[in-house]
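Engineer:
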């Protein structure tokens, strides 16, 4: 029995021996005693209390539990702060009012926290039972002041002209330690680029030169281990433009840079461009190879019945008095006669049929100024005259009629088999429905009546 009793615990004794050997190298690795801390780095705020939580556990019988706290700084020996055996606390008299522990809880309370309290805190737990088991952990404590709200200043405060001026944004913070600066534009981080650069600590953002793309909402984010604050949004003043100058109208047909308007209509033109500050606009009219300013401002109203010429050239000029840049756009206004439209509206729509449409529009009646070819119901036996060119007028070179964008509309006279002479007279009245005056397109068409000795007559507008 004694042998059996001696041999039974032999294997366990070997295990304990191995554990004690490893314990010399790594405390608590296989002893059953474990000491844990939630984080090995804890950030504290100066002037406030800091709590260092510690948890430990073991699986062997214990008669005594000892907890020891040490404090060390770089390149110095650890200092004893306080310790406990079971529920009795033995503090260092130098720190007895600063450090508190409530055994058997091994956690430590530091109150108040000062910059001198920054360093490494070592907690060691000893368990006395069949033997002594030990385990320890180290916690790094940092101490900071929270940052205050930053303020951003811009130089120059009056703004800068794009591609000419530079701009510097400075982030000012009164309080806070270990500050880290970050610049945001429209809520996103600003990075170094060909035009963006930062100071050593990122407290300044330098933009050289400024462009229109640099316009946005800027803010400065300052943070440290215990806090972060963002400045109010600020938008730098950048002068640019004009860009994208264009002219629009409230009525009329626009094809490219040509506006077609019925006579008697008043049309309002609007000139706009992207620019800061807003542009000043001037309207220029060209007449008889001479130009003159007719109005200032972004809008121009043109009364078609007051225009002597049927084709008039205009120009809108935009000028930015800060950037010194200007831009201009040209356009032409063509005044069409309403006689053609009135006569066509007097006939039933069934009397007209369309040939090939060059304008891309479906109804020529609604798109005067962009003309369509309209054929006779029976034109197989009608001889046609060759096309002729429009004579040149002042400032307007001659053009071949078939090479212009105007539609040529042919009217289909009513067919009267019983009274050919009456039909001929009606055709003469309806031929070449309208003729613009000499100041515009001097001649849009020429009419020729041909009689082949048949019962029907045909007229053609060229």
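Numbering (mature numbering (1 follows the signal peptide of the UniProt record, and there is no 0)), first residue to last: -32 to -1, 1 to 430.
Think of the CB as a built atom: it goes at the ideal place given N, C-alpha and C, for glycine as much as any other residue.
Going by beta carbon distance, what residues of the same chain come within less than 7 Å of residue 212, once the five residues before and after it are set aside?
Structural biologist: By one-based count along the chain shown, residue 212 stands at place 244. 241, 242, listed in sequence order.
Engineer: Can you have a look at residue 128 and say buried or exposed, based on whether 16 or more other CB atoms are within 10 angstroms of its CB?
Structural biologist: Position 160 of the chain shown, counted from the start, is the residue given in the question as residue 128. Per the 10 Å Cβ criterion, buried.
Engineer: Using the beta-carbon count (16 or more within 10 Å), is residue 130 buried or exposed?
Structural biologist: Within the chain shown, residue 130 is the residue found at index 162, counting from 1. The residue in question, residue 130, is buried, as its Cβ has 16 or more Cβ neighbours within 10 Å.
Engineer: Going by C-alpha to C-alpha distance, which of 302, 77, 35 sits closest to residue 515?
Structural biologist: Since the first residue shown for the chain is -32 and the last is 430, residue 515 is missing from the structure and cannot be characterised.
Engineer: Taking a contact to mean a Cβ-Cβ separation below 7 Å, would you say residue 17 touches residue 73 in this structure?
Structural biologist: As a first step, residue 17 must be located in the chain shown, where it is residue number 49. As a first step, residue 73 must be located in the chain shown, where it is residue number 105. The answer is no: Cβ separation not under 7 Å.
Engineer: With residue 8 and residue 95 assumed to form a contact (beta carbons below 8 Å), what rounded beta-carbon distance in angstroms separates them?
Structural biologist: Residue numbering aside, residue 8 sits at position 40 when the chain shown is read from its first letter. Residue numbering aside, residue 95 sits at position 127 when the chain shown is read from its first letter. Between residue 95 and residue 8 the Cβ distance is about 22 Å, and since that is not below 8 Å, they are no contact.
Engineer: Beta strand (DSSP E) containing residue 211: first to last residue?
Structural biologist: The residue given as residue 211 occupies position 243 in the chain shown. From DSSP, the beta strand (DSSP E) with residue 211 extends over 206 to 217.
Engineer: Is it right to say residue 85 is buried, meaning 16 or more other beta carbons lie within 10 angstroms of its own, or is it exposed?
Structural biologist: Locating residue 85 in the chain shown gives position 117, where the first residue counts as 1. With 16 or more Cβ atoms within 10 Å of its Cβ, residue 85 is classed as buried.
Engineer: Starting from the Cα of residue 188, find the closest Cα among 45, 270, 60, 139 and give me that residue.
Structural biologist: Against the chain shown, residue 188 aligns to sequence position 220. It is 139 whose Cα lies nearest to the Cα of residue 188.
Engineer: Which of the three DSSP states, helix, strand or coil, is assigned to residue 474?
Structural biologist: Because the chain spans -32 through 430 in this model, residue 474 falls outside it and cannot be assessed.
Engineer: So is residue 147 buried or exposed if we call it buried at 16+ other beta carbons inside 10 Å?
Structural biologist: Translated into positions along the chain shown, residue 147 becomes position 179. Residue 147 is buried by the Cβ-count criterion.
Engineer: Which residues in the same chain have their Cβ closer than 7 Å to the Cβ of residue 26, if we skip the five residues on either side of it in sequence?
Structural biologist: Position 58 of the chain shown, counting from 1, holds the residue named residue 26. Same-chain partners within the cutoff: -1, 1, 95, 101.
Engineer: Using the Cα positions of residue 30 and residue 54, report the straight-line distance between them to the nearest angstrom.
Structural biologist: Within the chain shown, the letter at position 62 stands for residue 30. Within the chain shown, the letter at position 86 stands for residue 54. Rounded to whole angstroms, residue 30 to residue 54 spans 10 Å at the Cα level.
Engineer: Where does residue 20 land, buried or exposed, given buried means 16+ other C-beta within 10 angstroms?
Structural biologist: Taking the chain shown and counting its residues from 1, the one referred to as residue 20 is at position 52. That one is buried.
Engineer: Please report the residue range of the beta strand (DSSP E) in which residue 23 lies.
Structural biologist: Reading the chain shown from its first residue, position 55 is the one you call residue 23. Its beta strand (DSSP E) spans residues 23 to 25.
Engineer: Please name the residue, chosen from 255, 178, 272, that lies closest to residue 291 on a Cα-to-Cα basis.
Structural biologist: Working through the chain shown from its first residue, we reach residue 291 at position 323. Ranking 255, 178, 272 by Cα distance to residue 291 puts 178 first.
Engineer: Quick check on residue 259: buried or exposed, where buried means 16 or more other Cβ atoms within 10 Å of its Cβ?
Structural biologist: As a working mapping, residue 259 is identified with position 291 in the chain shown. Classification for residue 259: exposed.
Engineer: Would DSSP call residue 117 helix, strand or coil?
Structural biologist: The residue given as residue 117 occupies position 149 in the chain shown. The answer is coil: DSSP assigns residue 117 none of H, G, I, E or B.
Engineer: Which of the three DSSP states is assigned to residue 44 in this structure?
Structural biologist: Translated into positions along the chain shown, residue 44 becomes position 76. If DSSP states are grouped into helix, strand and coil, residue 44 belongs with coil.
Engineer: So residue 214 and residue 236 are in contact, right, with Cβ under 8 Å, and what is the actual spacing, rounded?
Structural biologist: By one-based count along the chain shown, residue 214 stands at place 246. By one-based count along the chain shown, residue 236 stands at place 268. Actually they are not in contact, since the Cβ atoms of residue 214 and residue 236 sit about 15 Å apart, beyond 8 Å.
Engineer: Between the Cα of residue 40 and those of 32, 15, 52, 110, spot the shortest distance and give me the residue it belongs to.
Structural biologist: Here the question's residue 40 lines up with position 72 in the chain shown. Checking every option, the nearest Cα to that of residue 40 belongs to 110.
Engineer: Between the alpha carbons of residue 121 and residue 112, how many angstroms are there, rounded?
Structural biologist: Here the question's residue 121 lines up with position 153 in the chain shown. Here the question's residue 112 lines up with position 144 in the chain shown. Their backbone Cα atoms lie some 26 Å apart in a straight line.
Engineer: Taking 6 Å as the cut-off, is the C-beta of residue 261 nearer than that to any heavy atom in the ligand ADP?
Structural biologist: Among the components modelled here there is no ligand, and therefore nothing to report on the ligand ADP.
Engineer: For residue 295 versus residue 210, is the C-beta distance shorter than 7 Å?
Structural biologist: On the chain shown, position 327 is the one that residue 295 refers to. On the chain shown, position 242 is the one that residue 210 refers to. A contact, by the Cβ cut-off of 7 Å.
Engineer: By DSSP, does residue 106 sit in helix, in strand, or in coil?
Structural biologist: In the chain shown, counting from the first residue as 1, residue 106 sits at position 138. DSSP places residue 106 in strand when its eight states are reduced to three.
Engineer: How many whole angstroms separate the CB atoms of residue 24 and residue 93, which I take to be in contact at a CB cut-off of 8 Å?
Structural biologist: Position 56 of the chain shown, counted from the start, is the residue given in the question as residue 24. Position 125 of the chain shown, counted from the start, is the residue given in the question as residue 93. Going by Cβ atoms, the distance from residue 24 to residue 93 rounds to 5 Å, so yes, they are a contact pair.
Engineer: Run the CB neighbour count on residue 253, radius 10 Å, all protein chains shown included, and call it buried at 16 or more, exposed below.
Structural biologist: Here residue 253 is taken as the residue at index 285 of the chain shown, counted from 1. That one is buried.
Engineer: Is residue 191 helix, strand or coil by DSSP?
Structural biologist: One-based indexing of the chain shown puts residue 191 at position 223. Note: residue 191 maps to strand in three-state DSSP.
Engineer: Using only CA atoms, which one of 300, 183, 99 lies nearest to residue 484?
Structural biologist: Within the shown structure, residues of the chain are numbered from -32 to 430, placing residue 484 beyond reach of any answer.
Engineer: In this structure, how does DSSP classify residue 56 when only helix, strand and coil are distinguished?
Structural biologist: For the purposes of this step, residue 56 is taken as the residue at position 88 of the chain shown. Residue state, collapsed to three classes: strand.
Engineer: May I ask you to list the residues that DSSP assigns as paired with residue 157?
Structural biologist: The residue given as residue 157 occupies position 189 in the chain shown. BP columns for residue 157 point to 152.
Engineer: Where does residue 85 fall in DSSP's three states?
Structural biologist: The sequence position of residue 85 within the chain shown is 117, counting from 1. DSSP places residue 85 in helix when its eight states are reduced to three.
Engineer: Using a Cβ-Cβ cut-off of 6 Å (strictly less than) and excluding sequence neighbours within five positions of residue 68, which residues of its own chain qualify?
Structural biologist: For the purposes of this step, residue 68 is identified with residue 100 of the chain shown, where counting begins at 1. Closer than 6 Å at Cβ, skipping near neighbours: 77.
Engineer: To the nearest angstrom, how far is it from the Cα of residue 205 to the Cα of residue 250?
Structural biologist: On the chain shown, position 237 is the one that residue 205 refers to. On the chain shown, position 282 is the one that residue 250 refers to. The straight-line gap from Cα to Cα measures roughly 26 Å.
Engineer: Report the rounded CA-to-CA distance for residue 14 versus residue 114, giving the unit in angstroms.
Structural biologist: Position 46 of the chain shown holds residue 14. Position 146 of the chain shown holds residue 114. Looking at the two C-alpha atoms, the distance is approximately 9 Å.
Engineer: Within this structure, are the beta carbons of residue 303 and residue 272 separated by less than 7 Å?
Structural biologist: As a position in the chain shown, residue 303 is number 335, starting the count at 1. As a position in the chain shown, residue 272 is number 304, starting the count at 1. Contact: yes.
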